[in-house]
Each structure stands twice: as structure tokens, then as C-alpha cells.
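Read the structure below first, then the notes.
2 protein chains.
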Amino acid sequence: MQVRHVDSIPVFALPGIRHQTLASQAGGIQAFEVWQQTLAPGSATPLHRHDCEEVVVFTGGEGIMHHAGTETPCAAGTVLLCQPNELHQIVNTGGEPLTLYGILSGSPVPVVDAEGREIPLPW
Amino acid sequence: MQVRHVDSIPVFALPGIRHQTLASQAGGIQAFEVWQQTLAPGSATPLHRHDCEEVVVFTGGEGIMHHAGTETPCAAGTVLLCQPNELHQIVNTGGEPLTLYGILSGSPVPVVDAEGREIPLPW
Numbered sequence: 000m001q002v003r004h005v006d007s008i009p010v011f012a013l014p015g016i017r018h019q020t021l022a023s024q025a026g027g028i029q030a031f032e033v034w035q036q037t038l039a040p041g042s043a044t045p046l047h048r049h050d051c052e053e054v055v056v057f058t059g060g061e062g063i064m065h066h067a068g069t070e071t072p073c074a075a076g077t078v079l080l081c082q083p084n085e086l087h088q089i090v091n092t093g094g095e096p097l098t099l100y101g102i103l104s105g106s107p108v109p110v111v112d113a114e115g116r117e118i119p120l121p122w
Numbered sequence: 000m001q002v003r004h005v006d007s008i009p010v011f012a013l014p015g016i017r018h019q020t021l022a023s024q025a026g027g028i029q030a031f032e033v034w035q036q037t038l039a040p041g042s043a044t045p046l047h048r049h050d051c052e053e054v055v056v057f058t059g060g061e062g063i064m065h066h067a068g069t070e071t072p073c074a075a076g077t078v079l080l081c082q083p084n085e086l087h088q089i090v091n092t093g094g095e096p097l098t099l100y101g102i103l104s105g106s107p108v109p110v111v112d113a114e115g116r117e118i119p120l121p122w
């Protein structure tokens, strides 16, 4: 059993995105990773995919998720269940931070763009 | 891609515990389950274990986690990383609901008590 507090977990950044890895192989969890992310107003993830399952749980703010030509509103309580290699993008369309947990069935998780090029991640 | 809202996800109850399964095999997620639970003031989970990894992310309230003779304070931002078959119990010791997400590397997840007897779960 490991106990952590989010305030002591390293913070990484991509433009407009604040990221913390709450759980991963480094903490002895092999089956999945748990990410906590905040997108600043006006910010977006790249359009991306990964070869693993992902569940996104939104906890605050307002945004949209682009997937297969559709736009889905996302706010506190929205849950996305993504199959492997589904291209998607999350955009903060509101005036407040868009906050979410991402759970991914890989550790580590390579992320690629729409053309299959690996997107380097700082975490 | 499936999109859900927590308000439309069935609610199950054990004494003092409100449970929703945000993601599982039923939603096409094979590698893990995501649970959202609220423990009422004074309530506790049973002392229990499961043969899979679990990560607990606390989002509000105040409680303690019993494990291996220790008591660990839990509040918003506390993250527990549990290895398979580690006996543990979560107790709400505060006056507000104790809220958490649990991510478990099994689907479905059999839960057993300290003597190895399966604890029937309504979800």
C-alpha cells in the first residue's frame, strides 16, 4: 500500500495543460495509469489516440470532445469511454479551468497524433 | 466512444455507501472498472480485499484508511495505491460525506472479507 497526496505529486506541463500522474508503474500499479489534468480556458489537447482503453471523468469546467466528426459537450459528471485508437481531442470552451481524471489501460502510454506520429510527453 | 453523465448512471447502495459504476465491461472497458462512491458520516466499508490492483482518489470529506495495523488520514487529494489482496477498510470520520473514485484492475471485481468469504455486492 502506497499513500500519496496530490500536492506532493510532480506537476508537468504542456501548453495550456497541467498534468499529474497519480498512479502508474512507478508506484507499483501495472494495469493502468491515473492522470489528473487541468486545461486552461481556450486550451486543448492535440487530436490524438493511444493503443489502450481510456476513461475520462470530468470534474469541473466546460468543454467539448471532438471524435469522429462529432462534438460532445463535457462538464462535471461527463464520462467518456474510449476504445483503443479512437482519435479524440478535448477543448476547454469555457471561462474556467476544465478539470478531469484520465484512466488509461497502459503504463507507460505512448500517444500518437492523427498521422501516427508519437507525441512526446514530458511525464 | 461512449459518453455518459453521472446523473444517468444507476445508483446502488450498501449500508452508508452510495455507489456508481462509471466504467466497466458493460460499457466496453475490459481492463479496469471505475467506481464513484460516497460514504455517509460514520459509515465504513467492510475490511476487505480483492485480487486486483486498486487506486483510490479521495475528492472530499475526511476519513481514515485501516491497513496492516496502521491508520492513514484520507481527505481530498489523498491517493491510495493498493496491491492485490491487501486488506483495507475506509471509514468516514468526519461530518461531511467522504467522496472517492476507485479504479480496480478487474471487471467484474469479486470482493472478499478478512476470512476470504465473498462479500455480495449489489452492483
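Chains as they are written, first to last, in numbering that gives the first Met the number 0: chain A, 0 to 122; chain B, 0 to 122. From the three backbone atoms N, C-alpha and C, an ideal C-beta is built for every residue, glycine too.
Q. Does the count of Cβ pairs from the region 18-36 of chain B and the region 71-83 of chain B closer than 8 Å reach three?
A. No, because fewer than three Cβ pairs between the region 18-36 of chain B and the region 71-83 of chain B fall closer than 8 Å, the two stretches do not touch.
request  = May I ask which residues mark the beginning and end of the beta strand (DSSP E) holding B/I36?
outcome  = It should be noted that the sequence gives Gln, not Ile, for residue 36 of chain B. Boundaries of the beta strand (DSSP E) harbouring B/Q36: 32-38, taken from the DSSP string.
Residues near A/G105 in its chain [Cβ-Cβ closer than 8 Å; skip 5 each side]: Result list for A/G105: F31, E32, H49, D50, C51, in chain order.
Item to complete: Locate the beta strand (DSSP E) running through A/L21, then write down its first and last residues.
Response: Following the DSSP letters along the chain, one finds A/L21 inside the beta strand (DSSP E) bounded by residues 16-22.
Identify, in the order they occur along the chain, each residue of the same chain with its Cβ nearer than 7 Å to the Cβ of B/Q82, setting aside the five sequence neighbours on each side. Hits under 7 Å: E52.
| message | Please confirm whether A/H49 has its beta-carbon closer than 9 Å to some beta-carbon of chain B. | response | Interface annotation, A/H49: not in contact with chain B, CB-CB separation never under 9 Å.
In this structure, how does DSSP classify A/D112 when only helix, strand and coil are distinguished? Assignment of A/D112 by DSSP, reduced to helix, strand and coil, places it in the strand class.
- Would you tell me roughly how many angstroms separate the C-alpha atoms of B/A43 and A/S7, rounded to the nearest one? A direct Cα-to-Cα measurement between B/A43 and A/S7 gives close to 27 Å.
Review point. So which residues on chain A does B/Q82 lean against when the C-beta distance must stay under 8 Å?
Key: What B/Q82 touches in chain A: M0, G27.
- CB-CB under 7 Å to A/G71, same chain, minus the five flanking residues each way: which ones, in chain order? Checking the sequence, you will find Thr at residue 71 of chain A rather than Gly. Listed in chain order, the non-local C-beta contacts of A/T71 below 7 Å within the same chain comprise I63, M64, local neighbours out to five positions each way being set aside.
Check: Of all the CB atoms in chain B, is at least one closer than 9 Å to the CB of A/I16?
Finding: Closer than 9 Å: no.
Practice item. For chain A, find out if any of its Cβ atoms is closer than 9 Å to the Cβ of B/V111; answer yes or no. Key: Interface flag for B/V111 against chain A is unset, since no Cβ pair is found closer than 9 Å.
Would you mind stating whether A/Q35 and A/L21 have Cβ atoms separated by less than 9 Å? Yes, the Cβ-Cβ distance between A/Q35 and A/L21 is below 9 Å.
Please say whether B/E117 and B/A93 have beta carbons closer to each other than 9 Å? Contrary to the premise, residue 93 of chain B reads as Gly rather than Ala in this sequence. Contact flag unset, no.
State the DSSP-derived secondary structure class of B/A67, mapped to helix, strand or coil.
-> Coil, per DSSP.
Worksheet item: Residues in the region 74-99 of chain B with C-beta within 9 Å of chain A's C-beta atoms, listed in sequence order?
Response: Near chain A, meaning a CB-to-CB distance below 9 Å, the residues of the region 74-99 of chain B are A74, A75, G76, T77, V78, L79, L80, C81, Q82, E85, H87.
Span of the beta strand (DSSP E) around A/T77: Its beta strand (DSSP E) spans residues 77-81.
Q. Is the shortest distance between the beta-carbon of A/V108 and the beta-carbons of chain C less than 9 Å?
A. Absent from the structure: chain C. Protein chains present are A and B.
#### Entry: Selected residue, minimal CA-CA separation from B/R3, among B/R17, B/G26, B/G41
The shortest Cα separation from B/R3 among B/R17, B/G26, B/G41 belongs to B/G26.
What residue does the beta strand (DSSP E) around B/V55 start on, and which one ends it? Segment 53-59, the beta strand (DSSP E) holding B/V55.
Indicate whether B/V55 and B/L99 have their beta-carbon atoms separated by less than 9 Å. Contact flag set, yes.
Roughly how many angstroms lie between the CA atoms of B/Q24 and B/R17, to the nearest whole one? Distance between the alpha carbons of B/Q24 and B/R17: 20 Å.
- prompt: Buried or exposed: where does B/N91 fall if 16 or more other Cβ atoms within 10 Å of its Cβ makes it buried?
  reply: Of the other Cβ atoms in all chains shown, 16 or more fall within 10 Å of the Cβ of B/N91; this residue is therefore buried.
Apart from the five residues on each side of it in sequence, which residues of its chain come closer than 6 Å, Cβ to Cβ, to A/G59?
Excluding five sequence positions before and after A/G59, the CB atoms of its chain that fall closer than 6 Å to its own CB belong to A75, T98, given in chain order.
- Cβ pair B/V110, B/H66 closer than 9 Å: Against a cut-off of 9 Å, the Cβ pair of B/H66 and B/V110 comes out as no contact.
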